[in-house]
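Residue numbers (the numbering used here): 5 to 165.
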């Protein structure tokens, strides 16, 4: 049976993600990339969907499941910030490998998300006048969307749907 994603299943978890959680994703070549939860328990007006978590995915690949923390910086993002739900954790695609409190140095100076209307919002849902890169989408992304975009960035062929 063919895998439905390039990212591999690690360890399913029902634990609710928390701000500062660091998680690993395993690639088809057995290497890992890492991400971080930027906010948790957002009110409905501060997220595109209830239960959304803004996350960063870093451009740091390692053969070890534990990241080099100095590589988890906002200037080392593989993708713009995205919103995701708990499904990647409950299915095991994301495995939480640590938690570190977030500091200002861990965050982009300005978050930017593009709405389908063409407007731009910050991480609180407030309008901003123009895009600030890296600019993500004010939408809930799926783990399949994330798999496709990580695959594109790292040179793995996308798997058919």
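A virtual CB, placed ideally from N, CA and C, is assigned to each residue, including glycine. This structure is a prediction, so every number in the text was calculated from the model and none was measured.
From residue 128 to residue 81, what distance separates their C-alpha atoms?
Position 124 of the chain shown, counted from the first residue, corresponds to residue 128. Position 77 of the chain shown, counted from the first residue, corresponds to residue 81. Per the coordinates, the alpha-carbon of residue 128 lies some 20 Å from the alpha-carbon of residue 81.
Would you list, in sequence order, the uninterrupted beta strand (DSSP E) runs of no fewer than 3 residues that lie entirely inside the stretch 82-141?
As far as the stretch 82-141 is concerned, its whole beta strand (DSSP E) runs of at least 3 residues are 86-88, 99-103, 116-118, 139-141.
Host alpha helix (DSSP H) of residue 148 (start-end):
The sequence position of residue 148 within the chain shown is 144, counting from 1. From DSSP, the alpha helix (DSSP H) with residue 148 extends over 147-158.
Beta-carbon within less than 7 Å of residue 16's beta-carbon, same chain only, minus the 5 sequence neighbours each way: which residues are those?
Here residue 16 corresponds to residue number 12 of the chain shown, with the count starting at 1. Apart from sequence neighbours up to five positions away, the residues of its chain that approach residue 16 with a beta-carbon distance below 7 Å are 94, 95, 96, ordered along the chain.
Does residue 58 pass the burial test, meaning 16 or more other C-beta atoms within 10 Å, or should it be called exposed?
Numbered from 1 along the chain shown, position 54 holds the residue referred to as residue 58. By the 10 Å Cβ count, residue 58 comes out buried.
Can you name, in chain order, every residue of its own chain whose Cβ lies under 7 Å from the Cβ of residue 91, other than the five neighbours on each side?
For this step, residue 91 is matched to residue 87 along the chain shown. For residue 91, where only same-chain residues beyond five positions count, the Cβ hits under 7 Å are 147.
What residue from 78, 102, 118 has the CA that sits closest to residue 108's CA?
Along the chain shown, one-based indexing puts residue 108 at 104. Minimum Cα distance to residue 108 is reached at 78.
Just to confirm my understanding: we take residue 140, look at its own chain, exclude 5 residues before and 5 after, and list those with CB closer than 6 Å. What are they?
The count along the chain shown starts at 1 and reaches residue 140 at position 136. Excluding residues within five positions, the ones whose Cβ falls inside 6 Å are 84, 85, 86, 117.
The beta strand (DSSP E) spanning residue 25 covers which residue range?
For the purposes of this step, residue 25 is identified with residue 21 of the chain shown, where counting begins at 1. Going by DSSP, residue 25 is part of the beta strand (DSSP E) stretching over 25-30.
With distances taken Cα to Cα, identify the nearest neighbour of residue 131 among 51, 44, 10.
For the purposes of this step, residue 131 is taken as the residue at position 127 of the chain shown. Among 51, 44, 10, the Cα nearest to that of residue 131 belongs to 51.
If I measure Cβ to Cβ from residue 119 and keep anything under 7 Å in the same chain, skipping five residues before and after, which residues do I get?
Against the chain shown, residue 119 aligns to sequence position 115. Closer than 7 Å at the Cβ level, and outside the excluded window around residue 119, lie 125, 142.
Beta-carbon spacing of residue 67, residue 35 below 7 Å:
Your numbering for residue 67 matches position 63 in the chain shown. Your numbering for residue 35 matches position 31 in the chain shown. Between residue 67 and residue 35, the C-beta gap is smaller than 7 Å, which places the two residues in contact.
Buried or exposed: residue 156, going by 16 or more other Cβ atoms within 10 Å of its Cβ?
Residue mapping note: residue 156 aligns to position 152 of the chain shown, counting from 1. Its Cβ having fewer than 16 others within 10 Å, residue 156 is exposed.
Nearest by alpha-carbon distance to residue 20: which of 60, 154, 29, 88 is it?
Position 16 of the chain shown, counting from 1, holds the residue named residue 20. Checking every option, the nearest Cα to that of residue 20 belongs to 88.
Let me know the secondary structure DSSP gives residue 18 once reduced to three states.
Stepping through the chain shown from its first residue, residue 18 is reached at position 14. Note: residue 18 maps to coil in three-state DSSP.
Beta strand (DSSP E) containing residue 39: first to last residue?
Working through the chain shown from its first residue, we reach residue 39 at position 35. Taken as a continuous stretch (DSSP letters only), the beta strand (DSSP E) holding residue 39 covers 36-41.
Residues near residue 158 by beta carbon distance below 8 Å, same chain, minus five either side
Reading the chain shown from its first residue, position 154 is the one you call residue 158. Excluding the 5 residues flanking it on each side, residue 158 has same chain C-beta neighbours closer than 8 Å at 31, 37, 65, 82, in chain order.
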